[in-house]
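To convert, note that position 312 of the sequence shown is 317 in this note's numbering; the numbers rise steadily by one, no gaps. Okay, structure first, notes after.
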Amino acid sequence: MIMNLKYYILVSFLILNFNLHAKVYQFWERIEDINAYDYESGCTFPAGIKCLDSNDCILIVDCASAFMKVLRSTDQGKTWFILYQDSLDYDRLFDAHVMAYPSNNYIYVGATITGSIENKYFMQAVIWRTYDGGKTYDETMLKGASIVRSLSMSDSMNGMATTDPPYKIYITNDGWRTYKMLEHPWYSVGDGAPGKYCHFIDSLNFLVYFYVRRDGYRITGIARTTDGGVSWNEFLIPEPSKISINFENRKLGWAVGGRSNGIGDQSSDIIYKTTDGGFTWEKIYDKETEPVFGLQNIASRDSLYKIAVGQFGKVLKTTNGGQSWEWVFAKQVGDAPVLHITFAGRIALISTFGLGHWRMWEYEKVSSNDEDINYKTKVVLYPNPVTDFLKIRFNEYLESPVDLEIYNSIGERVTQFSFYYHVDDISIKLPDLPDGVYYFRIKSVKESFNGNFVKINQ
């Protein structure tokens, strides 16, 4: 009997592989965690989000430009716990702008402190830092500057920041205990609101996005130094643009942004790519596709799959290493003016201003038709593909007991469940099964149903 069942399942699996095609399924899940998004307290602006791996993610949330939260997730962004939170002090308001998370527990935040001392108003750029995950912390004031515009760390100790005003470059080799300030030949490093306008490789090699006026013309570009800022190699970007820089390694990097239309917004989505460490850049995407407000950030899951996000819900993805890009319809984040992105394993974590934080992932379902498993009889199994929980909907009463048996592709039974009472829907936590196609059989006293589903682990 068992051999016959194995033979039946194996033959069914082989038959299913005729006319198979792939269909991409996209999942969006809102992070329902008041620690990460608290509208009542004004904790709605993300200064940045970064994962070192699936179980080590840091989120910086600015709360009404008055104080900040530093949060960590160890479960791919599902839940967040507070590592550090300011106490609200109206005489010393802390406005978090940008963040860097180069290695475990080493967290850096570029911010502005505003307040008054003896009725004298002050506005001071500061690097907040912790080396132990928020247990202890310290701050370094960047002399003469008011806003930390961008921040990049190559490891736990070495990095750079840019500020305005004055428009300066700051370099550290001891985790911002101390720093040195560099002069540069441009009017501004970066342009507009704080962002990823710089990238630090080592003490001699780093890049900045710059803006300058020469001969009456506005000139923008990306500059690269190999001697610690003594001299610069400029790659000019012909159109006035706002650019955010992100590198995967010393050679491969991306610059995303939008062409300025002269009134503050962006009129096109632009993506540049470098394969020589930032000396030269190739424009690989330039389209005016709605919504067209410019890209802000980009992150890579692997060598092929990458996502770029932008103002007011723009989400682009590539599955071939940037050769082609497609727009992702993302109604969940469609009105958010600011988006940040990182990857926790296969899960994209998208942090927004005003619409909370989201987990997004995609899988290809191999199927012989375009429909989900949906038996228009008495039983429906969903979702398909399934990750953790398989749900069963009974459209009509089935006489108890009801048994569910699940088999792998070679006919081995891997688990079974029994239900001794009738309910409308049942949610089952699946065991730790590898990715693959599975087959099920549901049996009641008088009836039985068979089918298959795809199991995919996050």
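Just so it is clear, CB atoms sit at the ideal spot from N, CA and C, and this is done for glycine as well. Computed from a predicted structure; not experimentally measured.
Test item: CB-CB of residue i and residue j under 7 angstroms
{"i": "Leu354", "j": "Gly326", "result": "no"}
{"i": "Met128", "j": "Ala52", "result": "no"}
{"i": "Trp85", "j": "Asp137", "result": "no"}
{"i": "Lys247", "j": "Gly262", "result": "yes"}
{"i": "Ser193", "j": "Tyr222", "result": "no"}
{"i": "His345", "j": "Ile36", "result": "no"}
{"i": "Val459", "j": "Pro390", "result": "yes"}
{"i": "Ile87", "j": "Asn40", "result": "yes"}
{"i": "Thr145", "j": "Trp181", "result": "yes"}
{"i": "Ala116", "j": "Asp100", "result": "yes"}
{"i": "Arg154", "j": "Pro199", "result": "yes"}
{"i": "Gly82", "j": "Ala349", "result": "yes"}
{"i": "Phe186", "j": "Tyr175", "result": "According to the sequence as given, residue 186 is Met; it is not Phe. Going by C-beta atoms, Met186 is nearer than 7 angstroms to Tyr175."}
{"i": "Gly164", "j": "Phe205", "result": "yes"}
{"i": "Ile397", "j": "Tyr443", "result": "no"}
{"i": "Trp330", "j": "Arg351", "result": "no"}
{"i": "Ile152", "j": "Ala166", "result": "no"}
{"i": "Gln337", "j": "Trp33", "result": "yes"}
{"i": "Thr347", "j": "Ala313", "result": "no"}
Cβ shell of residue i (< 6 angstroms), same chain only, five flanking positions each side left out
{"i": "Glu376", "result": "Because the pLDDT of Glu376 is 43, which lies under 50, any placement of that residue in the model is unreliable, and the question is left without a value."}
{"i": "Ile289", "result": "Ile276, Lys278, Gly327"}
{"i": "Tyr172", "result": "Ser193, Val194"}
{"i": "Thr407", "result": "Residue identity check: residue 407 is Val in the sequence provided, not Thr. Answer for Val407: Phe424, Ser449, listed in chain order."}
{"i": "Glu239", "result": "Gly226, Ala228"}
{"i": "Ala335", "result": "Gly318, Val320"}
Beta-bridge pairing of residue i - partner residues as DSSP gives them
{"i": "Arg84", "result": "Checking the displayed sequence, the identity of residue 84 turns out to be Thr instead of Arg. Answer by DSSP bridge pairing: none, since Thr84 is not bridged."}
{"i": "Leu386", "result": "Ile397"}
{"i": "Ser449", "result": "Answer is none; Ser449 lacks a bridge partner."}
{"i": "Asp67", "result": "Phe50, Met73"}
{"i": "Asp274", "result": "Gly263, Lys292"}
{"i": "Gln129", "result": "Ile118"}
{"i": "Phe99", "result": "Ile118"}
{"i": "Arg306", "result": "In the DSSP output, where bridge partners are listed per residue, Arg306 has none listed."}
{"i": "Gly416", "result": "BP columns for Gly416 are empty, so no partner."}
{"i": "His362", "result": "Ser356"}
{"i": "Lys336", "result": "DSSP lists no partner for Lys336."}
{"i": "Lys140", "result": "The partner list for Lys140 (beta bridge, DSSP) is empty, contrary to what the question assumes."}
{"i": "Lys194", "result": "This sequence places Val at residue 194; Lys is not what is there. Answer is Phe215."}
{"i": "Phe454", "result": "Ile447"}
{"i": "Arg182", "result": "Note: Arg182 sits in no beta bridge, so no partner."}
{"i": "Phe348", "result": "Ala353"}
{"i": "Val459", "result": "Val442"}
For residue i, the three-state DSSP class (helix, strand or coil)
{"i": "Gln31", "result": "strand"}
{"i": "Lys381", "result": "Residue confidence is low: Lys381 scores 48 on pLDDT, short of 50, so the model does not pin down where it sits. Its coordinate-derived value is still stated next. Here Lys381 sits in coil by DSSP."}
{"i": "Lys256", "result": "coil"}
{"i": "Gly315", "result": "strand"}
{"i": "Gln421", "result": "strand"}
{"i": "Gln301", "result": "strand"}
{"i": "Lys3", "result": "Here the chain covers residues 6 to 463 and nothing more, so residue 3 does not appear."}
{"i": "Gln90", "result": "strand"}
{"i": "Val343", "result": "coil"}
{"i": "Val391", "result": "strand"}
{"i": "Ala150", "result": "coil"}
{"i": "Glu37", "result": "coil"}
{"i": "Glu404", "result": "coil"}
Among the options, the one whose alpha carbon lies nearest that of residue i
{"i": "Ser273", "options": "Gly318, Trp191, Asp291", "result": "Asp291"}
{"i": "Ser161", "options": "Thr177, Arg398, Tyr202", "result": "Thr177"}
{"i": "Ser414", "options": "Tyr202, Cys68, Ile431, Gly456", "result": "Gly456"}
{"i": "Ile224", "options": "Val235, Leu212, Leu241", "result": "Leu241"}
{"i": "Pro342", "options": "Ala304, Gly299, Asp307", "result": "Gly299"}
{"i": "Leu395", "options": "Asp437, Gly234, Ala349, Arg264", "result": "Asp437"}
{"i": "Asp43", "options": "Ala198, Met73, Ile132", "result": "Met73"}
{"i": "Asp207", "options": "Arg219, Thr230, Glu188, Arg218", "result": "Thr230"}
{"i": "Ala69", "options": "Glu45, Arg77, Leu76, Ser78", "result": "Glu45"}
{"i": "Thr119", "options": "Leu147, Leu98, Ala166, Ile431", "result": "Leu98"}
{"i": "Ile65", "options": "Gln421, Thr324, Ser356, Phe32", "result": "Ser356"}
{"i": "Thr392", "options": "Asn462, Glu452, Phe399", "result": "Asn462"}
{"i": "Gln31", "options": "Lys148, Val320, Ser159", "result": "Val320"}
{"i": "Asp80", "options": "Ala71, Ile63, Lys148", "result": "Ile63"}
{"i": "Ala260", "options": "His189, Ser159, Thr285", "result": "Thr285"}
{"i": "Asp169", "options": "Thr183, Gly149, Ser159, Val419", "result": "Gly149"}
Same chain only: Cβ atoms within 8 angstroms of residue i, ignoring 5 sequence neighbours per side
{"i": "Asp340", "result": "Phe317, Gly318, Gly359, Leu360"}
{"i": "Ser474", "result": "A query on residue 474 cannot be resolved here, the shown segment of the chain reaching from 6 to 463 and no further."}
{"i": "Gly441", "result": "Asn413, Ser414, Val459, Lys460"}
{"i": "Val333", "result": "Gln31, Ile312, Val320, Leu321, Lys322"}
Residues near residue i in its chain [Cβ-Cβ closer than 7 angstroms; skip 5 each side]
{"i": "Asp232", "result": "Leu209"}
{"i": "Lys256", "result": "Thr280, Asp281, Gly282"}
{"i": "Asn109", "result": "Leu57, Asp61"}
{"i": "Tyr95", "result": "none"}
{"i": "Lys451", "result": "Glu404"}
{"i": "Lys434", "result": "Asp393, Phe394"}
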